[in-house]
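Residue numbers (the UniProt record's numbering), protein chains in the order written: chain A, 1 to 194; chain B, 1 to 194.
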């Protein structure tokens, strides 16, 4: 088993390329463990949160929205980036995004997992929560000014069908649908064993 | 249900920020469906492929590597970006990356899913394949010059434990482990029903 030093890429220099509202881009020159030099193109992102909201009648609440990088409309679970000040409290981001995007509040909000979405070039860490025991918020916080969303509620079978059509096509949502299916199968297996 | 036009963000102007070896970065000025203007920070990526290699004794082959964006060593399934010329053939990228990173060839390589890893700012599309019926390649294609990898084989329980410790912490690998668990549960349920 190799030590950290045998993997580490040491930074020789860093060039700041871009500082944006959402991402920063830098170009690092590095020394590899074998002594060679190379470059690394890096995107720094504040992190994000996604929510898997399941209704009392076992449906998944989703949002349809335009995504500029693909110039396409995608059907996704509610999600959003972590705002300044929320960094140590991704659960608060989850509560805020769920309310802003769907108008719901969850009486039960359970941490599922955290994942780096594209570790080759980006440091974006996505925290995923399961939201259950939902209730409508009387006067929900409004959506972001630059977001146009449409709400949907889907059964597991409908969600799996939309993965097949390609309308659901992003990592967090495909993960979420698979997570939901796995939880249902685990319940079934438990019942079978009784 | 809204039409595409009611979601679409029309590009007014595009500023090229960076052209790299792996990513291109642009800043778009857009008109939102409500008539307001905003900016979109976009990362263009050639796409990537990941492989879930399962051995005959039901273990997952993984690679440990340093990831500069996080300055951390991660345990991941084999993956790599699509090279020029491979674009219409992600399965060939999967074969190449499996051989380069693990020294194995798969007699059975099955498409699992394709997913946009971070649709808010990046167009990176990741194609995932399940690799089974593996055999050692006598003289495998070498690893990329700038990659230092260490191979591991883990049982499902070991992989789930490494998600808990945080050594496995990227989206494609967490998805892969969950996918593997789901396939095993589905088999169990089928056997139960007999």
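Cβ atoms here follow ideal geometry from the backbone N, Cα and C, with glycine treated the same way.
The shortest C-alpha to C-alpha distance from residue 55 of chain A to any of A/192, A/180 and A/147 is the one to A/180. According to DSSP, residue 114 of chain B shares a beta bridge with B/127. For residue 59 of chain B, the CB contacts under 7 Å within the same chain, skipping 5 residues up- and downstream, are 153, 154 and 155 in chain order. Within the region 174 to 185 of chain B, contact with chain A at the beta-carbon level (separation under 8 Å) is assigned to 174, 175, 178, 179, 181, 182 and 185. Looking from the CA of residue 151 of chain A, the closest CA among A/114, A/78, A/122 and A/40 belongs to A/78. The Cβ of residue 68 of chain A sits closer than 7 Å to at least one Cβ of chain B.
Residue pairing by DSSP places residue 53 of chain A opposite A/131 in a beta bridge. Residue pairing by DSSP places residue 28 of chain B opposite B/14 and B/40 in a beta bridge. Counting only residues of its own chain and dropping the five nearest sequence neighbours on each side, residue 147 of chain A has a CB closer than 7 Å to the CB of 65. For residue 33 of chain A, the residues of chain B that pass the 9 Å Cβ criterion are 66 and 148, in the order they occur in the chain.
Under the three-state reduction of DSSP output, residue 152 of chain B falls in the strand class. The C-beta of residue 13 of chain A has fewer than 16 other C-beta atoms within 10 Å across all chains shown, which makes the residue exposed. For residue 88 of chain B, the closest alpha carbon among the candidates B/70, B/74, B/125 and B/73 is that of B/125. Chain-ordered listing is empty here: chain B has no CB closer than 8 Å to the CB of residue 49 of chain A, the nearest sitting near 12 Å. Under the three-state reduction of DSSP, residue 60 of chain B is assigned to strand.
Annotation: residue 114 of chain A to residue 50 of chain A spans about 10 Å, alpha carbon to alpha carbon.
Assigned with DSSP and collapsed to three states, residue 146 of chain B falls in coil, not helix or strand. Not a single C-beta of chain B is nearer than 7 Å to the C-beta of residue 112 of chain A. Counting every other CB atom within 10 Å of its CB across the protein chains shown gives residue 139 of chain A a total below 16, marking it as exposed. Comparing alpha-carbon positions, the option among A/185, A/111, A/133 and A/33 lying closest to residue 4 of chain A turns out to be A/33. Under the Cβ criterion (8 Å, minimum of three pairs), the region 101 to 117 of chain A does not count as touching the region 157 to 168 of chain A. Judged by their CB atoms, residue 30 of chain A and residue 8 of chain A are not nearer to each other than the 7 Å cut-off. Here the alpha carbons of residue 105 of chain B and residue 15 of chain A stand approximately 39 Å from one another. Contact between residue 28 of chain A and residue 68 of chain B holds, with the beta-carbon distance rounding to 6 Å and staying under 8 Å.
Counting along the chain, residue 79 of chain A sits inside no alpha helix (DSSP H); it lies in the beta strand (DSSP E) bounded by residues 79 to 81. Residue 36 of chain B is not a Cβ neighbour of residue 22 of chain A, given a cutoff of 7 Å. Residue state for residue 170 of chain B is assigned as strand, using DSSP reduced to three classes. Close to chain A, meaning a Cβ-Cβ distance shorter than 9 Å, are the following residues of the region 118 to 130 of chain B: 118, 119, 120, 121, 122, 123, 124, 125 and 126.
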